[in-house]
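**Student:** Pasting in a structure now, in structure tokens, and then I'll have a few things to ask.
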Amino acid sequence: MAIIATLHRDMPVRTTRPTPELLALHRLARNENHRLAEKWLDGFGVGDIPRESVEVGYSRSSGPGGQHVNKTNSKATVRCDLSEAVGRWLPPFVLEPLSRSSHYRPAPPTLLISSQLSRSASSNLSTAMGLLHRTIQDAGRSVLVGETSVEQRQKVRGMMRAEEGRRRSDKERRGRKKADRRGD
């Protein structure tokens, strides 16, 4: 009960929900999907992670700290079950990049994050929740495709023209070589 009370006291209230269209996207195929995902990610905060989808545990910390470390459960471990989260509050397109995270555990698909930076359990919980939030946000941003700048488009067009010119000159050279062999 103390764990749940701490979690409710320390976490802000949920504010931003992904739209039903976003919850149905398994991959971002169109520009509209990218804009929708970007809008959700911009508004996504630590408080948007539902309290019921996070399991919190405390255990003994390690490292320096002397007697305090040996006697208190100050290490906070946060476990987020992705099989429950995806489709409810987490868009499915985020699952694939999350599976590449160092915090990912495959069976069942979960994110397991711990923090023992502080001597305080509540501070470690806040740090772990912040890391969970950043992990989800980084995974979501990794699949977004941004707008291409005008300069970049011009550069690509120039490179394509140059490649086309090289291809044509190579083709003409091969054609002349074959014509010389035939005696044309």
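Those letters in the sequence shown? Residues 5 to 188, by our numbering. All C-beta atoms, glycine included, are put in the ideal place defined by N, C-alpha and C.
If you follow the alpha helix (DSSP H) that R165 is part of, which residue opens it and which one closes it?
**Tutor:** 154-186
**Student:** Of all Cβ atoms in chain B, is any one closer than 8 Å to the Cβ of R177?
**Tutor:** This model lacks chain B altogether; it includes just one protein chain.
**Student:** Here's the rule I'm using: 16 or more other beta-carbon atoms within 10 Å means buried, otherwise exposed. How should R171 be labelled?
**Tutor:** exposed
**Student:** From the DSSP output, in three-state form, read off A80 for me.
**Tutor:** strand
**Student:** Alpha carbon to alpha carbon, what distance is there between V90 and E25?
**Tutor:** 13 Å
**Student:** Would P22 be called buried (16 or more neighbouring beta carbons within 10 Å of its own) or exposed?
**Tutor:** buried
**Student:** How is the alpha helix (DSSP H) around V60 delimited, first residue to last?
**Tutor:** Not the alpha helix (DSSP H): V60 falls in the beta strand (DSSP E), residues 58-63.
**Student:** Going by DSSP in three states, T10 sits in which element: helix, strand or coil?
**Tutor:** Because T10 carries a pLDDT of 49, less than 50, the predicted location of this residue cannot be relied on, and no value is offered for it.
**Student:** Would you tell me roughly how many angstroms separate the C-alpha atoms of Q120 and V58, rounded to the nearest one?
**Tutor:** 18 Å
**Student:** Could you check if I8 is buried or exposed, using at least 16 other CB atoms within 10 Å of its CB as the buried criterion?
**Tutor:** In this prediction, I8 has a pLDDT of 46, which is less than 50 and means its spatial position is unreliable; nothing more can be read from the coordinates.
**Student:** For K159, count the other beta carbons within 10 Å of its own beta carbon; 16 or more makes it buried, fewer makes it exposed. Which is it?
**Tutor:** exposed
**Student:** Could you check whether the stretch 49-66 touches the stretch 77-96, counting it as contact only if at least three pairs of C-beta atoms, one from each stretch, sit closer than 8 Å?
**Tutor:** For the pair of segments examined, the stretch 49-66 was found to touch the stretch 77-96: the number of CB pairs separated by less than 8 Å reaches three.
**Student:** I'd like the span of the alpha helix (DSSP H) that includes T23, first residue to last.
**Tutor:** Run containing T23: none; DSSP gives neither H nor E here.
**Student:** Taking its Cβ as the centre, do 16 or more other Cβ atoms sit within 10 Å of G144, making it buried, or is it exposed?
**Tutor:** Under the 10 Å beta carbon count, G144 is surrounded by 16 or more other beta carbons and is classified as buried.
**Student:** Can you tell me the Cα-Cα spacing of V154 and F48, whole angstroms?
**Tutor:** 30 Å
**Student:** Could you compute how far the alpha carbon of H12 sits from the alpha carbon of R55?
**Tutor:** Reliability fails at H12, whose pLDDT of 45 lies under 50, so the model's placement of it is uncertain and the value that follows must be treated cautiously. Those two C-alpha atoms are separated by around 7 Å.
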